[in-house]
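So the structure is just underneath, and the comments pick up after that.
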Amino acid sequence: MIAFARFVHLTSIAFWAGATTFLFVLAPGVFAALGKPVAGDAMNAIFPRFYALSLLCAALAACTLPLLPERSTARGALLTAAIALLVLAGPVLGARAAAVREKRAQAEAAVAAGAASGELEALKKEFGMLHGVVTLLDLTMLGACVALLWLGISALAPPGPTGGGAGGAT
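Using my numbering, the first residue of the sequence shown is number 41, and each one after it goes up by one.
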């Protein structure tokens with residue numbers, strides 16, 4: 041049972057980190073290939089799925105951590121922080137950024153049709169700020185996932201001069 045819990049725990053964190061890394065590689069390529077408006081629509085369709093998958097991975101990691109003999113307060117705190125970053129970046133600020141992006145698109149369409157839109161610049165600024173914060177949160181979350189993997193894997197190494205063991209790594 042412990043081996044299976046460890047497998048699920050580490051695999052879910054690895055998948056979460058991998059999906060986040062893939063997103064950071066994917067987004068610039070999508071924008072380069074499709075242009076801003078279409079790429080924005082494509083990424084808007086991807087983000088909810090990405091965050092749902094990440095939340096599933098986070099839930100699996102959280103549910104399996106208490107089953108591991110090598111669990112520690114540091115790992116629990118780091119996992120809690122990573123989950124908080126995930127929720128803040130996705131369902132909270134990411135959802136807000138998507139709503140602002142939609143309002144911005146409507147304002148841009150109104151301006152293109154000849155209407156005056158004094159709010160367009162404010163919406164562009166707000167979206168840029170939200171996008172920057174979400175990106176920073178996702179990057180920090182990725183760092184936390186990598187640290188969790190390091191702590192989890194180093195806890196499995198044999199103690200001694202060449203292995204990490206549980207000696208201080210967890």
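Ideal placement from N, C-alpha and C gives every residue a C-beta, glycine not left out.
Shortest alpha-carbon distance to Thr-51 belongs to which of Leu-66, Leu-128, Leu-100 and Phe-64?
Leu-100
Report yes if the C-beta distance between Pro-109 and Ile-42 is below 8 Å; otherwise report no.
yes
Is the number of C-beta pairs between the region 176-185 and the region 119-129 that are closer than 8 Å three or more?
yes
Do the region 158-173 and the region 143-150 touch if we need at least three Cβ pairs shorter than 8 Å?
Two segments are said to touch when three or more pairs of C-beta atoms, one from each, lie closer than 8 Å; by this definition the region 158-173 touches the region 143-150.
Mind checking which residues open and close the alpha helix (DSSP H) that includes Ser-52?
Per DSSP, Ser-52 is one residue of the alpha helix (DSSP H) stretching across 42-74.
Please report how far the alpha carbon of Ala-79 lies from the alpha carbon of Ala-72, in whole angstroms.
8 Å
Which of the three DSSP states is assigned to Glu-148 in this structure?
helix
Give the range of the alpha helix (DSSP H) segment to which Leu-105 is assigned.
Looking at the DSSP string, Leu-105 is not in any alpha helix (DSSP H), and its letter there is neither H nor E.
Which whole-angstrom value describes the C-beta separation of Ala-59 and Phe-90, a residue pair presumed to lie in contact below a C-beta threshold of 8 Å?
6 Å
Looking only at C-alpha atoms, which of Cys-185, Pro-199 and Leu-163 sits nearest to Ala-117?
Cys-185
Below 8 Å on the Cβ atoms is my guess for Trp-56 versus Cys-103; work out the distance and round it to an integer in Å.
In fact, because the Cβ distance is near 14 Å, the residues do not count as touching under 8 Å.
Using only alpha-carbon positions, find the residue among Trp-190, Ala-122 and Thr-175 that is nearest to Pro-68.
Thr-175
If I measure Cβ to Cβ from Ala-187 and keep anything under 8 Å in the same chain, skipping five residues before and after, which residues do I get?
Leu-118
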